[in-house]
Amino acid sequence: MQDLLWLLLPVAAASGWWWARHSTGTFTPRRRPDHSDYFKGLNYLLDDKPDQALEVFVRVAEMERDTVEAHLTLGNLFRRRGEVDRAIHIHYNLTQRQNLAPAQRQRAILELAEDYMKAGLFDRAEALYHNIIRQSEQTEHTASALHRLMQLYEQEKDWEQAIKHCDLLEQMTGQVRKIASAHYCCELAEIALGKGDKENAIKCLQESLKRDSNCARANLLLGRIAIEQSDYAAAIQALHAVAQQKPDFLS
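Spelled out as structure tokens, the structure:
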């Protein structure tokens, strides 16, 4: 309950801006606003009644379509409360507006993708993330979309796509992600081993160590393969590396 109260504060602030804007007569509204709604919402917040306050601020946001931030925040609130259909409705309507700034549109698309993720509609979320990435201007939202795609492919165990988007994210942000990509390579090696393809598994593990020379998991798997192939010198070398990197792996 307290979390919802804190989350409603940005909505209250945006609604206050909307009320002040109309009160000063700087804008001609399409529909005459009822200023009492804003104060009613604040009173609900003060009375520790966030559910009632949320409904009031929804009405206020619907009366003024220009309050983009309020709509984004309301959609996020509904998603956090598990009301994904309402979140999708709000964020989808935002993406259809013609007067949004590019950054606002990207943010709305990103939030809609998060709604779809929450609803388990991964294909739709994936398409929206790619929509953001394809746009020529790279922003913080582009990096967020890449990161979420990487997580999505990890969740779906699509390791090749996870590696690809991990590399793209590293190129864009400059943040080293060698540990994650090295483990993705190990996952591919595990799949190859499950199919009896030791040659491909070794290639994947070598790629893993190329990305992260301290990847104990890769060395452990290489040691296992070497033992199965009776290459005990290679096995000792690999397991010695594991002992240096992660001693608990051998305990």
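Residue 1234 in our numbering is what sits at position 6 of the sequence shown, and the numbering runs on without skipping anything.
Glycine included, C-beta positions come from ideal geometry on N, C-alpha and C.
Quick caveat: nothing in here was measured; it's all calculated off a predicted structure.
Simplified DSSP state of Lys1423, which is helix, strand or coil: coil
In chain order, what residues of the same chain have a beta carbon less than 6 Å from the beta carbon of Thr1401, not counting five sequence neighbours either side? Ala1371
Alpha carbon to alpha carbon, what distance is there between Gln1472 and Arg1439? 18 Å
Sequence-distant residues of the same chain with beta carbon closer than 7 Å to Asn1359, five excluded per side: Ile1337
Residue closest to Ile1318, alpha-carbon to alpha-carbon, out of Ala1331, Ala1329, Leu1397, Val1296: Val1296
State the Cα-Cα distance for the pair Tyr1320 and Pro1330, rounded to the nearest angstrom. 15 Å
Mind checking which residues open and close the alpha helix (DSSP H) that includes Gln1473? 1460-1473
Any idea what DSSP makes of Leu1296, helix, strand or coil? It is worth fixing the name first, because residue 1296 is Val in this sequence and not Leu. In the structure shown, Val1296 sits in a helix (DSSP, three-state: H, G or I).
Euclidean distance between Cα positions of Gln1363 and Asp1279: 38 Å
Would Ile1453 be called buried (16 or more neighbouring beta carbons within 10 Å of its own) or exposed? buried
For the alpha helix (DSSP H) that contains Val1404, what are its first and last residues? Where Val1404 is concerned, there is no enclosing alpha helix (DSSP H), given that its DSSP letter is neither H nor E.
When the Cα of Ala1347 is compared with those of Gln1383, Tyr1381, Arg1307, which residue comes out closest? Arg1307
Could you tell me whether the Cβ atoms of Thr1323 and Leu1340 are closer together than 7 Å? yes
Quick check on the burial criterion: 16 or more other C-beta atoms within 10 angstroms. Buried or exposed for Ser1458? exposed
In whole angstroms, what separates the C-alpha of Val1312 from that of Ala1353? 13 Å
Candidates Gln1334, Leu1437, Lys1426, Cys1413, of which the one nearest Ile1455 by Cα: Lys1426
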